[in-house]
Amino acid sequence: MSIKKHYIYWNTILFVAVAAWPWSGNTQTSNSKAKKLYCWHQNGQRVCSDTLPAEAVNAAREEFNAKNGMLKGEVQRALNENERAATASEEAQRRAGQDAEETRKRADQIMLASFQTEDDLRQVFLKRIATIDNNLKTARYNATNLRQGLVNLLRNANERELAGQKVPEKLAADIEQRRQDLLSQQRLQTSFEQERATLSGEIEETLQRYRALKSSEANASPLAEP
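For the sequence shown, counting from 1, position 194 maps to 288 in our numbering; every step adds exactly one.
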C-alpha cells in the first residue's frame, strides 16, 4: 500500500471511529474533553483512544483532531536511561566543540593584534625554545652527575663485598637514594625532550595558521584606489 493510500485508509478509519464513538453524558462536555484522538502501537497492534493511558505516555504516537480526523502531530517515544545519557554526552561534546572553536577564533584575533609580522611571532617562539633547551641541558647534566655518583657508590659496595666485608647501612641507603634521584632526573629530562618536540610541531602549525589569517585579512581588505 502506498504512503498516500495508507494515509487515506487511516483517515477513513478515524472518521468512522470518531463518528461511531459511544459518547455519553452532555454532548457539549464530551466534545470539550475529546479534543484529540491518540493512536499508538501496543503489543504489535495499533490502538486509538481519546485518552492516553499511563503505559502509553512514553510510547511514540500520533495525535489527531477528534472532530475531523486530521493529523495534528506526532510525538516520538521517550528515551530510556542509556539513550538519555548518550544524548547528553553528544550534546556536551557539541558544546565543547563550539567552545573550542570560539576560543580558537579569539586566540586568532589576539595573535593578529599582537604580532604585526611573522618575524615578531617567531621571536616569541625562539625565547620559548631557548628556555626549554636550557632546562633540557641542565637536566642532562644533572642526570650524568647522578649516574656517575651512583656508579662510584656501587663500586665501593662491590669492593667491600669482594673483601668479605658487610656493606654499611648508610652506604646501602645512599645507593638507594642516588638511584631514586637519578630516576627522577631522567623522568624530568624525558619531559623536557617531549616538550621540545611538541613545541617544534606547535611552532610550524602556528606559523601556518598566522600566514593563513594574514592572507585572509589581506584579501578581505578593500582594494587600494589607483
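All C-beta atoms in this analysis are idealised placements derived from N, C-alpha and C, irrespective of residue type, glycine included.
Check                                                                                                                                         : Outcome
Under 8 Å Cβ to Cβ from Glu319, same chain only, skipping five residues before and after it: list those, please.                              : With a pLDDT of only 45 at Glu319, under 50, the local geometry of the prediction cannot be trusted, and no value is derived from it.
Give me the Cβ distance between Ala233 and Leu282, rounded to the nearest whole Å; I'm assuming they're in contact under 8 Å.                 : 5 Å
Assign Asn159 to one of three DSSP states: helix, strand, or coil.                                                                            : strand
List the endpoints of the continuous alpha helix (DSSP H) containing Glu175.                                                                  : 175-208
Work out the CA separation of Pro262 and Glu255 for me, nearest whole Å.                                                                      : 10 Å
What does the Cβ neighbour count give for Leu173, buried or exposed, with the cut at 16 atoms within 10 Å?                                    : exposed
So is Ala237 buried or exposed if we call it buried at 16+ other beta carbons inside 10 Å?                                                    : buried
Are the CB atoms of Leu301 and Arg272 nearer to each other than 7 Å?                                                                          : no
Could you say which of Ser143, Phe286, Ala150, Leu131 lies nearest to Asn137 if we only look at CA atoms?                                     : Ala150
May I ask you to report which of helix, strand or coil DSSP gives Gly258?                                                                     : coil
Can you tell me the Cβ-Cβ gap for Ala251 and Leu240, rounded? I've got them flagged as a contact below 8 Å.                                   : With 8 Å as the limit, Ala251 and Leu240 do not qualify as a contact, their Cβ atoms being about 16 Å apart.
Helix, strand or coil for Lys98 per DSSP?                                                                                                     : Annotation note: pLDDT 43 at Lys98 (below 50); position unreliable, coordinate value reported separately. Reduced to three states, the DSSP call for Lys98 is helix.
For Val169 and Ala154, which I take to be in contact (beta-carbon distance under 8 Å), what is that distance rounded to the nearest angstrom? : 7 Å
Is Tyr304 near Leu215, with beta carbons less than 7 Å apart?                                                                                 : yes
For the 8 Å Cβ check, are there 3 or more pairs between the region 224-231 and the region 284-299?                                            : yes
DSSP on Gly243, reduced to helix/strand/coil?                                                                                                 : helix
So what does DSSP say about Leu301, is it helix, strand or coil?                                                                              : helix
Give the DSSP-derived three-state secondary structure of Arg140 in the structure shown.                                                       : strand
What's the gap between the Cα of Ile204 and the Cα of Arg198?                                                                                 : 10 Å
Can you look up Leu146 in the DSSP assignment and give me helix, strand or coil?                                                              : coil
For Gln242, is the classification buried or exposed, using 16 other Cβ atoms within 10 angstroms of its Cβ as the cut-off for buried?         : exposed
Quick one: what's Gly295 bridged to in DSSP?                                                                                                  : DSSP lists no partner for Gly295.
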